[in-house]
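Data first, discussion second: the structure below is written as structure tokens.
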Amino acid sequence: MVFLKKKMRSKFFLFIIILIFIIIFLIFYKGLTNYSIYTPKINIENDIPVFSANIFDSDLQVSSKELFDPKKSYLLNIWSSWCVPCRDEHALLMDLSKDEKVNLIGLNYKDRLNNAKNYLNELGNPYSKILVDETGTIAIEWGAFGVPETFLIYENKVIKKYIGPLNQQFLIEIKSLIK
Amino acid sequence: MLSSTIGYYSLILGLCSSIIIFYFSIINYQDKILDIKIFYFTFFQLFFVIISFLSLVLSFIYSDFSNETVFNNSHTTKPLFYKISGTWGNHEGSLLLWQLVLTLFIFIFLFKSNNQSKQYRILTLLFQEIIIIGFFIFIIKTSNPFNYIFPIPKQGLGLNPILQDPLLAIHPPILYVGYVGSSIIFSSVLAATILNIISRDWASHLKKWILVTWFFLSLGILFGSIWAYYELGWGGFWFWDPVENVSLMPWLTLTALLHCVLVLEKKIVLTSWVVILSIMTFTLSMCGTFLVRSGILNSVHSFANDPERGLYILIFLFSLIFLSIFIFFFFHKQNIKNYSSFFWLSKETSILINNWFMMYFLSVVLIGTIYPIFLEVISSQKISVGPPFYHKLIIPFLFPFLLAMAIGPNLKWIKSNLENKVNLILFFVLSIFVSSFILKNSDQKFLINTFLLSSAFYLFFISIRDLFTKKLKNFSQNIAHFGFSLLILSILLNNIFSTEIIFNLKESESFEYNGNKIIFNEIIQNNQKNYVSIIGNFTIENFDGKIDNFKPELRIYNQPNIVTSEADIKTSFLSDKFMVMNLVQNQEYFNVRYQVKPFMIWIWSSVVLICLGALIGFFKKKNEK
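Have a look at this one:
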């Protein structure tokens with residue numbers, strides 16, 4: 001009798017333990033499938049800031065409303081002649097500029113005009129327009145962390161933000177997004 | 180190119196030999212023999228994994244960027260040492276290392292278990308092969324370290340600079356030996372349960388493996404802590420980070436297991452404890468792998484996130500858990516005859532008490548680690564469980580735990596009386612006296628700190644006494660316990676007496692507090708091979724006239740582009756002085772953190788003492804009966 005009871009009890013325990021583990025399994029499984037909630041996305045689908053800036057190497061001023069046509073997509077790249085990683089990504093930008101669908105706009109960040117000119121003469125100018133941000137305030141309005149940084153803009157919204165130099169993988173992504 | 184091909188095919192060959200071993204072990208188990216072929220194939224299995232691992236190392240050394248793993252984690256300007264350590268600084272390579280340790284351990288096991296029964300060895304091998312095959316498939320299917328990229332990139336993406344550190348180069352391999360060692364314990368315990376051969380002899384055989392595993396696990400955790408202390412720049416050594424926790428959890432169960440096996444060596448009690456703790460240790464190690472590699476947690480340690488990998492490990496982990504639960508319930512026979520045959524005041528009881536304390540600490544850490552995940556899945560609420568949670572739940576229980584740990588080892592087996600009662604009480608009075616003397620100047624939380632500190636001192640005094648009076652009898656235990664008491668004592672004193680000051684300074688400014696003056700002399704900038712270093716030169720004029728010089732450093736790595744801060748630490752016998760600086764965005768100010776942390780070096784050395792205890796226990800020839 002005692003033996004039987006013991007066996008019953010152990011079966012009951014087995015059942016409970018297995019049940020607990022199945023529940024844990026399901027919770028982990030669910031946690032895996034919606035894992036993306038663990039990496040909060042920053043500044044995605046935000047409206048672009050309203051600002052006005054000087055155009056590079058001229059006295060003209062341009063405001064963001066004139067610059068960005070809501071029906072087109074743009075790529076805003078923050079760069080500087082003193083920034084080493086910018087040099088690394090420059091070849092990729094040159095490559096991108098050959099694509100007619102891409103409107104590449106540069107934001108020259110905290111730079112000297114002469115240095116920036118030399119930089120573009122040396123490596124080529126991929127940008128259709130270049131804005132000047134001498135004090136770094138425009139970059140702050142965009143929510144940039146540093147140079148280089150690239151924003152993909154569509155319908156006056158920031159669709160995607162790339163912190164740091166672009167690479168081949170990002171390039172493919174950008175091209176597919178623009179299409 | 181070539182080495183990747185060789186590496187990949189030797190992985191496949193390794194998997195083939197594992198399947199062959201698996202097949203032979205089933206045949207041999209039925210025939211109750213141990214075929215020599217099994218030895219050959221275990222050797223082949225190890226050999227192929229070594230070849231595969233070496234070819235990955237070679238790809239890293241020669242910066243072969245046609246290999247995706249190398250491309251993602253290496254760079255030509257990286258020093259050779261970090262090219263090599265980059266092999267296991269990433270998900271794919273670390274799994275290969277894991278596999279290497281797994282196959283090495285089963286190979287050693289097969290040769291070192293001559294005195295055990297053939298059936299037991301075969302069955303252990305069988306379970307171990309299930310794990311090995313599982314990991315082989317995992318590597319080949321979801322995380323192949325030998326993927327090609329075409330066109331071949333000219334330059335790699337670089338290893339995360341905070342991983343470019345000598346300590347971190349050896350931290351993962353050592354920790355893996357610990358984790359993987361637990362798999363051997365798991366397999367042998369399952370085998371012994373099925374064959375019902377749990378005996379004193381078997382216990383001393385298992386004890387060796389537990390000691391090795393425990394040694395490496397402790398050492399691995401220590402290295403990780405030291406690294407976090409000087410590299411992460413927060414000045415702490417334990418952050419209750421989820422990934423630190425998953426290394427602590429198996430350590431807790433393994434510690435309990437070690438003590439149970441010591442009992443089991445003397446007489447057949449606590450067998451269920453041994454079985455359950457072994458299963459738990461391995462499961463928790465695997466759970467750590469799952470949490471780190473699936474992307475379910477975000478932490479400094481996380482590898483690239485991939486839910487497919489997570490799913491595989493999850494299914495694999497739970498199959499092993501269910502397998503072991505079934506084996507436990509259907510095969511484990513408790514020895515009822517012996518069970519309750521010890522007196523309440525005895526060594527057995529004290530070890531049971533130790534177990535329950537360990538289980539309590541384990542559940543606190545476990546809940547703190549996985550509760551946020553559960554909550555987010557169930558109610559999509561985000562909470563973060565930080566140090567206050569752990570401190571509140573652990574510290575009150577530390578007091579009885581330390582007292583029990585002081586008294587426990589002095590009890591006798593089966594039945595005991597408290598000897599030298601006067602002596603024990605005298606020590607307790609002494610430790611209360613000492614700790615209130617130390618704390619008399621600090622005003623905050625006087626009562627709880629006195630309690631804690633006196634229990635730590637109590638353990639400390641008793642373990643010193645034991646170390647000297649018991650001479651070489653049970654030396655390994657005494658030295659490990661002494662190390663542990665020193666550890667707790669230094670952590671407590673460190674927590675109570677640490678001071679910290681944070682301020683913003685720019686070049687040639689100075690800052691005064693409590694009669695100390697901190698002067699920021701200059702910034703020195705120079706270019707290194709793969710980073711630009713910015714060194715701040717600080718002078719501190721202490722109130723007592725002493726002058727210290729600090730040179731904390733910022734490193735701006737070019738590949739990938741990351742800034743790390745290297746703390747400048749002046750270590751002395753009694754305290755560490757720690758200074759770290761950080762950039763303030765878009766300003767010429769630097770954020771400087773200056774800490775005086777007493778007894779840091781004592782914390783490290785006490786863990787070394789604990790490990791030394793394990794080592795002595797391992798090499799001790801025969802246990803005194």
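Protein chains in written order, with our numbering: chain G, 1 to 179; chain V, 180 to 804.
Glycine is no exception: its CB is placed at the ideal position from the N, C-alpha and C atoms.
Go through the region 735 to 798 of chain V residue by residue and report every complete run of the alpha helix (DSSP H) that reaches 4 residues or more, in order. 779 to 798
Status (buried if at least 16 other CB within 10 Å, exposed otherwise) for MET758(V): buried
Between the region 225 to 243 of chain V and the region 183 to 198 of chain V, can you find at least three pairs of beta-carbon atoms closer than 8 angstroms? yes
According to DSSP, is TYR109(G) helix, strand or coil? strand
Own chain, CB closer than 6 angstroms to ILE185(V), minus 5 neighbours either side, in chain order: SER234
Identify the continuous beta strand (DSSP E) that holds GLN704(V) and give its terminal residues. 695 to 706
Expected contact under 8 angstroms - CB spacing of SER251(G) and TYR119(G) to nearest Å: One cannot answer for residue 251(G) here, as it falls past the ends of chain G, which runs 1 to 179.
Is the CB of GLY489(V) under 8 angstroms away from at least one CB in chain G? yes
Chain-ordered chain V contacts of VAL102(G) [CB-CB under 7 angstroms]: The contacting residues do not exist; VAL102(G) stays about 22 angstroms from chain V at best.
Pull up the CB-CB distance for TRP277(V) and TYR355(V), whole angstroms please, since I reckon it's below 8 angstroms. 5 angstroms
Is the beta carbon of PRO351(V) closer than 8 angstroms to that of TRP267(V)? yes
So, helix, strand or coil for GLY143(G), using DSSP? coil
Would you check if the distance between the CB atom of LYS257(V) and the CB atom of LEU369(V) is smaller than 8 angstroms? no
Cα separation between LEU96(G) and LEU171(G)? 8 angstroms
Rounded separation between ASN533(V) and ILE586(V) - CA only: 11 angstroms
Closer than 9 angstroms between beta carbons: that is the criterion. Which residues of the region 537 to 564 of chain V meet it against chain G? ILE549, ILE552, PHE553, GLU555, VAL556, ILE557, SER559, LYS561
What are the residues of the region 125 to 148 of chain G that lie near chain V, defined by any Cβ-Cβ distance shorter than 7 angstroms? GLY136
In terms of alpha-carbon separation, which member of LYS129(G), ASN167(G), VAL147(G), ASN115(G) lies closest to ASN54(G)? LYS129(G)
Cross-chain neighbours of PHE244(V) in chain G, by beta carbon under 8 angstroms: Correct list: empty, because the minimum Cβ distance to chain G is about 12 angstroms.
Rounded C-alpha distance that separates ILE574(V) from THR460(V): 24 angstroms
Taking the continuous beta strand (DSSP E) assigned at VAL132(G), which residues delimit it? 129 to 133
Quick check: MET538(V) and THR434(V), are their CB atoms within less than 8 angstroms of each other? no
Compare the beta carbon distance of PHE630(V) and SER664(V) with 8 angstroms and say whether it is the shorter of the two. no
For PRO49(G) and chain V, any beta-carbon pair shorter than 8 angstroms? no
In the DSSP assignment, the beta strand (DSSP E) including THR266(V) goes from what residue to what residue? Segment: none, THR266(V) is in no beta strand (DSSP E) and carries neither H nor E.
Does THR678(V) pass the burial test, meaning 16 or more other C-beta atoms within 10 Å, or should it be called exposed? exposed
How long is the line joining the alpha carbons of CYS439(V) and LYS591(V), rounded to whole angstroms? 15 angstroms
Starting from ILE18(G), find everything on chain V with Cβ-Cβ shorter than 8 angstroms and list it in chain order. PHE501, ILE504
In three-state DSSP terms, what is GLU803(V)? Bear in mind that the predicted position of GLU803(V) carries a pLDDT of just 45, short of 50, making it unreliable; the figure below should be weighed with that in mind. DSSP places GLU803(V) in coil when its eight states are reduced to three.
When burial is assigned at 16 or more other CB atoms within 10 Å of the CB, is PHE576(V) buried or exposed? exposed
Since ASN246(V) and LEU336(V) should fall inside the 8 angstroms C-beta cutoff, what is the C-beta to C-beta distance between them, to a whole number of angstroms? The Cβ separation is near 13 angstroms, so there is no contact.
Cutoff 7 angstroms; reference LYS387(V); Cβ partners in own chain excluding five residues on either side: PHE797
Please tell me whether SER563(V) and PRO551(V) are closer than 8 angstroms, where the distance is taken between their beta carbons. yes
Are the C-beta of SER473(V) and some C-beta of chain G separated by less than 8 angstroms? yes
Determine the burial state of LYS333(V): buried for a count of at least 16 other Cβ atoms within 10 Å of its Cβ, exposed for fewer. exposed
Integer-rounded CB distance, given that ASN700(V) should sit under 8 angstroms from PHE722(V): Contact flag wrong, Cβ pair sits at about 20 angstroms.
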